[in-house]
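Engineer: Sharing a structure here in structure tokens format.
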Amino acid sequence: MFDPALLTTFVTVAKAGSFTEAGRRLGLRQSTVSQHVRRLEEAASRRLFLRDTHSVALTADGEAMLGLAQGILEANERARRYFAGSELRGRVRFGASEDFVQSRLPEVLREFTRIHSAVDLELTVGLSGGLLQALDAGELDLVLAKRRPGEDRGRLVRRERLVWVGSDPALAQPDRPLPLILYPPPSISRAIALETLERAGRSWRIVCTSSSFSGLNAAALAGLGITVQGDGFAGLGELPTAAALPELGQIEFVLAGPRRTLRGPASALATAILDNAYRL
30 MFDPALLTTF VTVAKAGSFT EAGRRLGLRQ STVSQHVRRL EEAASRRLFL
80 RDTHSVALTA DGEAMLGLAQ GILEANERAR RYFAGSELRG RVRFGASEDF
130 VQSRLPEVLR EFTRIHSAVD LELTVGLSGG LLQALDAGEL DLVLAKRRPG
180 EDRGRLVRRE RLVWVGSDPA LAQPDRPLPL ILYPPPSISR AIALETLERA
230 GRSWRIVCTS SSFSGLNAAA LAGLGITVQG DGFAGLGELP TAAALPELGQ
280 IEFVLAGPRR TLRGPASALA TAILDNAYRL
């Protein structure tokens, strides 16, 4: 039997890629984290990490232990909830911004459904504006979406700088209308981009509209035009300052529910996402 406390520390180190960061997340001293990992390696009679002063990496045995450890911890949690009479049940209708499709959000959702096997998770992927409208209409229980800085709706998950991206800086010639690749309305990033260009007196034309993140990237890679993305999601390089495009400012990603206090499965899912915000 492996001590769940040691397994928890091991999994946290593996995800954080750092003993120091794992200690911060767990509220433990780095020496305690190192001791936990050493005791687990002794119990397994295997080396689980390759580490030096700059990096931490899982060995082949460490990779195997990671999958097993997560399964053990999840089983322990399910057993605890079951015998405590508090196993979470019900349904949560969750909407996620298109931007997160290529992030590690699917991993977070997979872990949530494994832990809360009695919860039915219904996922809707779409544009932030549309998701928030669906939330207001009572069609969704929780939304991970964008908002403009200064708005107070939802709980902040992360803040990013909006950037112009494209495959060819020459497309941003100041004497020609800027060719834009954008989400359709009611996209928040679209509205910010067009408002920013109007304030700067910069002419523009829309050459491609796509409701998918991959569609925007494909059109930009094909050299059709320039698009707008958060700098943490940009699949293409940010255009250099020589392109003389106006600054777009920041965008915020938030968790929003129909009310300030979430309950049941929606509350549990919100907690899981906030606890794993660093992975997004």
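Per the working numbering, numbering of the sequence shown is gapless, rising by one per residue and ending at 309.
Heads up, the beta-carbon is just placed ideally off N, CA and C, and yes, glycines get one too.
Quick check on residue 30: buried or exposed, where buried means 16 or more other Cβ atoms within 10 Å of its Cβ?
Structural biologist: Position 1 of the sequence shown, counted from the start, is the residue given in the question as residue 30. Exposed.
Engineer: Alpha carbon to alpha carbon, how far is residue 258 from residue 241?
Structural biologist: Taking the sequence shown and counting its residues from 1, the one referred to as residue 258 is at position 229. Taking the sequence shown and counting its residues from 1, the one referred to as residue 241 is at position 212. Using only the alpha carbons, I get a separation of about 12 Å.
Engineer: Tell me the start and end of each unbroken alpha helix (DSSP H) in the stretch 166 to 250 that is at least 4 residues and wholly inside, in chain order.
Structural biologist: 217 to 229, 242 to 250
Engineer: Please classify residue 147: does DSSP put it in a helix, a strand, or coil?
Structural biologist: Taking the sequence shown and counting its residues from 1, one reaches residue 147 at position 118. In the structure shown, residue 147 sits in coil (DSSP, three-state: anything other than H, G, I, E or B).
Engineer: Straight-line CA distance for residue 243 to residue 223?
Structural biologist: Translated into the one-based positions of the sequence shown, residue 243 becomes position 214. Translated into the one-based positions of the sequence shown, residue 223 becomes position 194. Their backbone Cα atoms lie some 21 Å apart in a straight line.
Engineer: For residue 165 and residue 286, which I take to be in contact (beta-carbon distance under 8 Å), what is that distance rounded to the nearest angstrom?
Structural biologist: Indexing the sequence shown from 1 puts residue 165 at position 136. Indexing the sequence shown from 1 puts residue 286 at position 257. That belief does not hold up - the Cβ atoms of residue 165 and residue 286 are roughly 11 Å apart, past 8 Å.
Engineer: By the DSSP assignment, the alpha helix (DSSP H) with residue 70 in it spans what residues?
Structural biologist: Working through the sequence shown from its first residue, we reach residue 70 at position 41. It spans 59 to 73 - the alpha helix (DSSP H) in which residue 70 sits, taken as one unbroken run.
Engineer: I believe residue 299 touches residue 291 by the beta-carbon criterion, under 8 Å. Please report the beta-carbon distance rounded to the nearest angstrom.
Structural biologist: For this step, residue 299 is matched to residue 270 along the sequence shown. For this step, residue 291 is matched to residue 262 along the sequence shown. So it is a contact: roughly 5 Å between Cβ atoms.
Engineer: Measure from the alpha carbon of residue 75 to the alpha carbon of each residue in 214, 91, 185, then state which is nearest.
Structural biologist: As a position in the sequence shown, residue 75 is number 46, starting the count at 1. Closest by alpha carbon: 91.
Engineer: Taking all protein chains shown into account, do 16 or more other C-beta atoms lie within 10 angstroms of the C-beta of residue 83, making it buried, or fewer, making it exposed?
Structural biologist: If you number the sequence shown from 1, residue 83 lands on position 54. Residue 83 is exposed by the Cβ-count criterion.
Engineer: Name the DSSP bridge partner or partners of residue 153?
Structural biologist: Residue 153 sits at position 124 when you count from the first residue of the sequence shown. According to DSSP, which records beta bridges pairwise, residue 153 is partnered with 124.
Engineer: Do you know how far the Cα of residue 206 is from the Cα of residue 235?
Structural biologist: The residue you call residue 235 lines up with position 206 of the sequence shown. The residue you call residue 206 lines up with position 177 of the sequence shown. The alpha-carbon atoms of residue 235 and residue 206 are separated by roughly 9 Å.
Engineer: Could you tell me the alpha carbon to alpha carbon distance between residue 295 and residue 61, rounded to whole angstroms?
Structural biologist: Taking the sequence shown and counting its residues from 1, one reaches residue 295 at position 266. Taking the sequence shown and counting its residues from 1, one reaches residue 61 at position 32. Here the C-alpha atom of residue 295 lies approximately 34 Å from the C-alpha atom of residue 61.
Engineer: Does DSSP put residue 256 in a helix, a strand or coil?
Structural biologist: As a first step, residue 256 must be located in the sequence shown, where it is residue number 227. Strand, per DSSP.
Engineer: Quick check on the DSSP output: the alpha helix (DSSP H) that includes residue 53 runs from which residue to which?
Structural biologist: Counted from its first residue, the sequence shown places residue 53 at position 24. Here the alpha helix (DSSP H) through residue 53 covers 48 to 55.
Engineer: Can you tell which of 248, 77, 267 has its C-alpha closest to the C-alpha of residue 42?
Structural biologist: Mapped onto the sequence shown, residue 42 falls at position 13. Closest by alpha carbon: 77.
Engineer: Tell me the residue span of the beta strand (DSSP E) that contains residue 285.
Structural biologist: Translated into the one-based positions of the sequence shown, residue 285 becomes position 256. Residue 285 -> beta strand (DSSP E) spans 279 to 285.
Engineer: Using only the alpha-carbon positions, how far apart do residue 168 and residue 139 sit?
Structural biologist: Numbered from its first residue, the sequence shown carries residue 168 at position 139. Numbered from its first residue, the sequence shown carries residue 139 at position 110. Taking the straight line joining both Cα atoms gives about 22 Å.
Engineer: Report the three-state DSSP secondary structure of residue 86 (helix, strand or coil).
Structural biologist: Along the sequence shown, one-based indexing puts residue 86 at 57. Residue 86 falls in the strand class under three-state DSSP.
Engineer: Name, in chain order, the residues that DSSP records as bridge partners for residue 80.
Structural biologist: The residue labelled residue 80 in the question sits at position 51 within the sequence shown. In the DSSP assignment, residue 80 forms a beta bridge with 85.
Engineer: Per the DSSP calculation, residue 119 is bridged to which residue(s)?
Structural biologist: For the purposes of this step, residue 119 is taken as the residue at position 90 of the sequence shown. 148.
Engineer: By Cβ distance below 7 Å, which residues in the same chain neighbour residue 213 in space, the five residues on each side in sequence not counted?
Structural biologist: Position 184 of the sequence shown holds residue 213. Closer than 7 Å at Cβ, skipping near neighbours: 238, 240.
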